[in-house]
Amino acid sequence: MTAPTTRVIIPAAGSGTRLGLDQPKAFVDLGGSTILEHCVAGVRDWSVDVEIVVVVPADLVERAAELVPSAIVVAGGAHRSESVRAGLAISGDADIVLVHDAARPLTPPAVFRRVRDAVLSGHRAVVPGLPVADTLKRVDNDGRVLDTVDREPLRAVQTPQGFAREALAAAHADDAGLATDDAGLVERIGIDVHVVVGDPLAFKITTPWDLRVARDLVAERLRVANTRPESSSDGGVFSQGVRS
Ligand code: CTP
Ligand code: MG
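In my numbering, the protein residues as written are 857 to 1100.
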């Protein structure tokens, strides 16, 4: 019996409206390399064996192919789920598919490992999640608090999200509306989604504040790398590096 094959789809076709810069978010600079390059390097830090499909705006396919030559590059759509479907369309040969936002470029290898291991152990859909630290309140349109939500059972969900490919494909085939994550589509067709522990470093760069934090983290990582006699790949907080 052959080992299950894994494909990582990286949706990177968004415009980055909330970041507010003059180029699509995945192509924004993060310490000398694009967010997209960091993201692909992060996947490679976890595994050099998996095939990566990067989904970018149609006019940036060639540019992306230059930036991340180890990945297959395809054009995305107007909504995230359309971009994921473009990646899925050429992933029919994989047993397991991980979908990972380009906008989470500092995700540590351990998160990828936990997600895929959970899929390999039999879960058809797996997401990394973290407990919610803030108090949560439900509010009406006038800003009046309706109630305070019990946060104990809540998780803030990140990517990579891992799936048995047939489960993800079935969920996307059934996609009537627009979901903000893939597990949401899988839930809708009645498949159980399993949560593993996420990581604060898997945060999504959404706003200028997030980009500032990411740039500080990358600068610190480079400082640490430059002061070490030899590079380390201990899986620690700043172990991943962008390959040029
Ligand atoms: N994405 C995509 N195709 C789209 C929209 C989003 O591939 N049509 C990707 C983004 O590139 C990103 C991920 O989905 O890596 C998560 O989306 P988000 O953080 O919302 O990114 P943007 O849509 O680019 O940002 P914004 O919503 O602020 O415009
Ligand atoms: Mg978006």
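C-beta: ideal position from N, C-alpha, C; glycine also.
Using the rule of at least 16 other Cβ atoms within 10 Å of the residue's Cβ for burial, across every protein chain shown, is residue i buried or exposed?
i, result
"S1089", "Residue placement at S1089 is flagged as unreliable, the pLDDT there being 48, under the threshold of 50; the coordinate-derived value follows with that caveat. Result: exposed."
"D1006", "exposed"
"N1082", "exposed"
"G978", "exposed"
"W1065", "exposed"
"L1002", "exposed"
"V814", "The question about residue 814 has no answer here: the residues shown for the chain are numbered 857 through 1100."
"K993", "exposed"
"D873", "According to the sequence provided, residue 873 is Thr. The question's Asp does not apply to it. Label assigned to T873: exposed."
Residue i to residue j, Cα distance in whole Å?
i, j, result
"H1028", "H935", "13 Å"
"D1037", "L954", "12 Å"
"L1057", "T963", "5 Å"
"A942", "I928", "12 Å"
"D998", "G1040", "29 Å"
"E893", "T1004", "41 Å"
"E907", "R1068", "30 Å"
"A868", "P860", "25 Å"
What does DSSP give as the partner residues of residue i in its beta bridges?
i, result
"E907", "R863"
"L886", "S889"
"G985", "V1013 and V1053"
"L992", "V1005"
"G1018", "L954 and V982"
Between which two residues does the alpha helix (DSSP H) containing residue i stretch?
i, result
"P1064", "P1064 to T1083"
"R1044", "D1038 to R1044"
Write down every uninterrupted run of the alpha helix (DSSP H) in the region 901-969 whose length is 4 residues or greater and which is fully enclosed by it, in chain order.
-> 917-923 and 936-944
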